[in-house]
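Which chain is which? The protein sequence lines are A and B, in order. Okay, so the first sequence: first residue is 25 according to the numbering used here, each after it adds one. Okay, so the second sequence: first residue is 25 according to the numbering used here, each after it adds one. No residue lacks a Cβ here, since even glycine has one placed at the ideal position from N, Cα and C.
Protein chains: 2
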Amino acid sequence: MRTLCHDLTAATPGTEVVLEGWVHRRRELARVTFLVVRDRSGLAQVVLPAGSTVPPEETTVRVTGTATANAQAPGGVEVTSAVVEALTDDALTPPAELWRPALDVSLPTLLDHAPVLWRHPAQRARWELAAASLRGFRSTLDGLGFTEIATPKLVGSATESGSSVFEVDYFGRPAYLAQSPQFYKQQMVGVFERVYEVGPVFRAEPHDTVRHLAEYRSLDVELGFVRDHRDVLAVLREVLAGMVAAVTEREDAVVRTGARVPLVPDEIPVIHFADALALVGAPADEPDLAPEHERALGAWALAEHGSDFVAVEGYPMAKRPFYTHPWSRDGAGAPPRPTEPARWSNSFDLLFRGLELVTGGQRLHRPGDYEQALRARGEDPETQAAYLQAFRHGMPPHGGFAIGLERWVGRLVEAANVREVTPFPRDLHRLAP
Amino acid sequence: MRTLCHDLTAATPGTEVVLEGWVHRRRELARVTFLVVRDRSGLAQVVLPAGSTVPPEETTVRVTGTATANAQAPGGVEVTSAVVEALTDDALTPPAELWRPALDVSLPTLLDHAPVLWRHPAQRARWELAAASLRGFRSTLDGLGFTEIATPKLVGSATESGSSVFEVDYFGRPAYLAQSPQFYKQQMVGVFERVYEVGPVFRAEPHDTVRHLAEYRSLDVELGFVRDHRDVLAVLREVLAGMVAAVTEREDAVVRTGARVPLVPDEIPVIHFADALALVGAPADEPDLAPEHERALGAWALAEHGSDFVAVEGYPMAKRPFYTHPWSRDGAGAPPRPTEPARWSNSFDLLFRGLELVTGGQRLHRPGDYEQALRARGEDPETQAAYLQAFRHGMPPHGGFAIGLERWVGRLVEAANVREVTPFPRDLHRLAP
């Protein structure tokens, strides 16, 4: 019966224990040899006679020995009188010493050697926080009456625009990889009313920045019977609080990553796009926020509201997709905006520590509004007939949002590049390992 | 403040309530008009004066009225003195009456009109069981120390074979859609020891059967430090029990689908492939089980063991992928197999009601074994260098399995075709909606 390293502390001294794991570190001293074993739960110390042969670091081993109390050992218990059995051939030397407290490698080295370098406890912990976040995301939404859905990634036409989509040879005819589950999650609001999906999305944009990937994990939410985007934002607040709570539960991983876990305020500060432009000193006719504007707004939210999060609402309609609901005066959530009402939308971005993390908002729900919106952009509604079908059959006022998982974890652990928080990133240059 | 239809039962008679949902059914009688509202939680009855105008079925509405006890009403409470406000334009008539107990449409009609026809409570319930299954899958594995992972769907080479893979134009060079997360989940065993993933997998096989899809949801599991495939099977048993428990919790959806929820025995019956061939009267040199053999084995397991599940172990090496571990005599789980030991593998299929639902087994873990296995199949180990890197850096004995979500739900509700249990199936002919 195997004992996990973490549970060795609780083993009765004098009993036989079996550890299974990786050789994390060998230390050959004059009078004794130490072997540190690593498994999914943590580390354990094994004491062997001087001159013992121990397989090289990263080899998998089974250690059979006696649990022995030792105040000096990590956890207060070590293994003595041990027999070490290798479970595979001697491991190749990794490109970095994984037993050192910090993993000090360049980004290309990390990416090229992901399968071995992600074993480093501090590196592994980054993804453990991602996994915890997914758990918190789902459990929050399950508790709010949402249904998990799975929508197709192979689609017959480009979702939102034809400019940044991967083409697939689909049994001899062209198909595309879904840029987002947007159209499908909206249609599924007609069925389940409240839906979410965690899945890959694909962007063929030739970006080469520290925050874009060609394939990433999108945490998508959509819900019906909202008054306006403020109701959507309220659900987003609950979701973030649930993700933070789940991350906090993984205290060991928080410590290993050095993550600063944010507080989610009871109400996330909201600023209108027009006010945001004024605040950061940008021209009043700017259609979008530049990265430096986002950083300035993040600093403002922290200074003024003590919040790592800030929502910017009312983004100009001109920069939002055709399904975006225009700014509404009658929504019970958001205050009226008397100046230039036609310019603004019921949509928002959420910034986390000065970086865009979430895009969301209210969508159109009347079929006539869709036809008008498409025509206004010079598109024939017929090209979106399958999508519009759901609206002709009766849809509620609805909205939703999408969180980028890698950006979330990246900001959480304050990584310089999203490629540092996912083992196998995909971008313009990288398709392996 | 909105009241969900399901919660109307608990409303204090005489208080004002607001329902929001779809017009499920209108019934205009001589002296009264009934409106049945449907939301995500269920149905509620609204009583209106005769001759009232009610929007057509499927239109979304807000109903404001008085909760009134009525023993005749579903749930014992109905809404009277009601004002009905349409939230969108009058809905188009659906291709079937969604208020009838059964949805009686052909498969092509169901698929072409998925966004509206999946609103039928019995149809929607099928996916609600899928969502519950996902929840049970994850919570079981979270409890067993597994880490959720997300592996790339865009890959640089075909995962297991070049014959059935979709090609993607990846910034001007060829990439492929992952047929499975097999190689990545194995590599991540080196990091997290126990991993799982729920994600899309893509098969470009021109199958046109009732059980194959070109894109489906795979529930993948992989774990280290196993003795042999019997340890993997033991985890699969726990996972199935967790999925069944979660399905059972959704009693309302079980009732609406008419699903027969299986019992998961404490130990799933296991039969060796050679014995399975003999049992079904197939020639002893058959390399695989035909669908009729699977059905016969399912019937045998039910009759002999009272089990809806049966595992067939020891599949011929010749029909298994190169990473398959050969039959081992020293594993503590499976009994020795003295005849033709080289022919058999430490792998299994799990049949659910006579249909292959899961494939799993132990994998090779020594780098030398991989090189030998690839060479024996005429492949150059260099072509798999990135994959083999993890094994050279020290991997434990490990194994895993993959469950097809649509097949699971299909068998659960005894659907004739997997296309009936997922709203947007993809196959040789179908890429829309």
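Are the beta-carbon atoms belonging to residue i and residue j less than 9 Å from one another?
| i | j | result |
| --- | --- | --- |
| Phe376 (chain A) | Gly338 (chain A) | no |
| His30 (chain B) | Gly100 (chain B) | no |
| Val300 (chain A) | Glu152 (chain A) | Checking the displayed sequence, the identity of residue 300 (chain A) turns out to be Ala instead of Val. Result no, Cβ atoms of Ala300 (chain A) and Glu152 (chain A) do not sit closer than 9 Å. |
| Leu436 (chain A) | Val234 (chain A) | no |
| Glu217 (chain A) | Glu172 (chain A) | no |
| Arg367 (chain B) | Glu239 (chain B) | no |
| Ser369 (chain B) | Thr383 (chain B) | no |
| Pro447 (chain B) | Trp142 (chain B) | yes |
| Gln413 (chain B) | Pro457 (chain A) | yes |
| Leu455 (chain B) | Gly180 (chain A) | yes |
| Gln467 (chain A) | Ala138 (chain B) | Not covered by the structure: residue 467 (chain A). The range shown for chain A is 25 to 457. |
| Gly223 (chain A) | Thr175 (chain A) | yes |
| Ala110 (chain B) | Thr133 (chain B) | no |
| Gly167 (chain A) | Leu28 (chain B) | no |
| Val213 (chain B) | Glu262 (chain B) | no |
CB-CB under 8 Å to residue i, same chain, minus the five flanking residues each way: which ones, in chain order?
| i | result |
| --- | --- |
| Leu303 (chain A) | Ile295, Ala320, Leu321, Trp324 |
| Thr39 (chain B) | Thr90, Ala91 |
| Glu328 (chain A) | Pro293 |
| Leu178 (chain B) | Val192, Tyr194, Ala199, Tyr200, Leu201, Ala202 |
| Leu72 (chain B) | Val56, Thr57, Phe58, Leu59, Val78, Ala106, Val108 |
| Pro80 (chain B) | Val47, Arg50, Asp114, Ala115, Thr117 |
Which residues in the same chain have their Cβ closer than 6 Å to the Cβ of residue i, if we skip the five residues on either side of it in sequence?
| i | result |
| --- | --- |
| Pro289 (chain B) | Ser331 |
| Gly423 (chain A) | Val250, His253, Val256, Gly385, Gln386, Arg387 |
| Val445 (chain A) | Arg150, Glu430, Val433, Gly434, Ala439 |
| Val140 (chain A) | Pro118 |
| Met267 (chain B) | Ser157, Gly160, Phe161 |
| Ser188 (chain B) | Arg227, Ala228, Glu229 |
| Leu452 (chain A) | Pro230, Asp232 |
| Leu165 (chain B) | Tyr220 |
| Pro365 (chain B) | Trp351 |
| Ala95 (chain B) | none |
Which residue marks the beginning of the beta strand (DSSP E) containing residue i, and which one marks its end?
| i | result |
| --- | --- |
| Ala68 (chain B) | 66 to 73 |
| Val78 (chain A) | Val78 (chain A) -> no beta strand (DSSP E), and no H or E assigned at all. |
| Ala199 (chain A) | 197 to 201 |
| Pro118 (chain A) | Neither: Pro118 (chain A) is in no beta strand (DSSP E) and is coded neither H nor E. |
| Gln386 (chain B) | 379 to 387 |
| Gly428 (chain B) | 422 to 428 |
| Glu239 (chain A) | 239 to 248 |
| Asp1 (chain A) | The requested residue 1 (chain A) is not part of the displayed model; chain A covers only 25 to 457. |
Excluding the 5 residues preceding and the 5 following residue i in the sequence, name in chain order all residues of the same chain whose CB lies nearer than 7 Å to its CB.
| i | result |
| --- | --- |
| His389 (chain A) | Phe415, Met419, Pro420, Pro421, His422 |
| Glu318 (chain B) | Leu375, Gly378, Leu379, Glu380 |
| Ala93 (chain A) | Pro37, Gly100, Val101 |
| Arg401 (chain A) | Phe346 |
| Ala146 (chain A) | Ala126, Leu127, Arg280, Thr281 |
| Asp312 (chain A) | Lys343 |
| Arg148 (chain A) | Trp142 |
| Ser163 (chain B) | Gly266 |
Name the two residues that bound the continuous alpha helix (DSSP H) containing residue i.
| i | result |
| --- | --- |
| Tyr411 (chain A) | 409 to 416 |
| Leu398 (chain A) | 391 to 400 |
| Asp255 (chain A) | 253 to 273 |
| Phe207 (chain B) | 206 to 216 |
| Arg50 (chain B) | Where Arg50 (chain B) is concerned, there is no enclosing alpha helix (DSSP H), although the beta strand (DSSP E) it sits in stretches over 40 to 52. |
| His296 (chain B) | Taken as a continuous stretch (DSSP letters only), His296 (chain B) belongs to no alpha helix (DSSP H), being part of the beta strand (DSSP E) at 294 to 296. |
| His348 (chain B) | Looking at the sequence itself, residue 348 (chain B) is Thr, so the reference to His does not match. It is not in any alpha helix (DSSP H) - Thr348 (chain B) carries neither H nor E in the DSSP assignment. |
| Ser157 (chain B) | 145 to 167 |
Exercise. In the stretch 63 to 75 of chain A, which residues sit with their C-beta less than 8 Å from some C-beta in chain B, listed in chain order?
Worked result: Asp63, Arg64, Ser65
Exercise. Quick one, which residues of the stretch 405 to 431 of chain A are near chain B if we go by CB-CB under 7 Å, in chain order?
Worked result: Within the stretch 405 to 431 of chain A, Ala410, Gln413, Ala414, Arg416, His417, Gly418, Met419, Pro420, Pro421 place their CB atoms closer than 7 Å to a CB of chain B, listed in sequence order.
Exercise. On the three-pair Cβ rule with 8 Å, is the stretch 438 to 448 of chain A touching the stretch 62 to 76 of chain B?
Worked result: no
For this session: Scan the stretch 379 to 391 of chain A for residues whose Cβ lies nearer than 8 Å to a Cβ of chain B and list them as they occur along the chain.
Result: His389, Arg390, Pro391
Exercise. If we count Cβ pairs, one from each stretch, closer than 8 Å, do we get three or more for the stretch 76 to 91 of chain B versus the stretch 34 to 49 of chain B?
Worked result: Yes, they touch.
For this session: Select from the stretch 240 to 251 of chain B all residues with a C-beta closer than 7 Å to any C-beta belonging to chain A, and list them in chain order.
Result: Arg241, Phe249
Problem set entry | Chain-ordered residues of the stretch 38 to 62 of chain A with a beta carbon less than 7 Å from chain B | Answer set for the stretch 38 to 62 of chain A: Glu44, Trp46.
Exercise. If contact means a Cβ-Cβ distance below 7 Å, which residues of the stretch 122 to 144 of chain B contact chain A?
Worked result: So the close ones are Pro139, Val140, Trp142, Arg143.
Exercise. Which residues, taken in chain order from the stretch 202 to 218 of chain B, show a beta carbon closer than 8 Å to some beta carbon of chain A?
Worked result: Residues passing the 8 Å Cβ filter: Tyr208, Gln211, Met212, Gly214, Val215, Phe216, Glu217, Arg218.
For this session: Note down, in chain order, all residues in the stretch 100 to 113 of chain A with a beta-carbon under 8 Å from any beta-carbon belonging to chain B.
Result: If the cut-off is 8 Å between Cβ atoms, the stretch 100 to 113 of chain A has Leu111, Thr112, Asp113 near chain B.
Exercise. What residues from the stretch 329 to 353 of chain A come within 9 Å of chain B, judged by C-beta to C-beta, listed N to C?
Worked result: none
For this session: Give, in chain order, every residue of the stretch 76 to 93 of chain B whose Cβ lies closer than 7 Å to some Cβ of chain A.
Result: If the cut-off is 7 Å between Cβ atoms, the stretch 76 to 93 of chain B has Glu82, Thr83, Thr84 near chain A.
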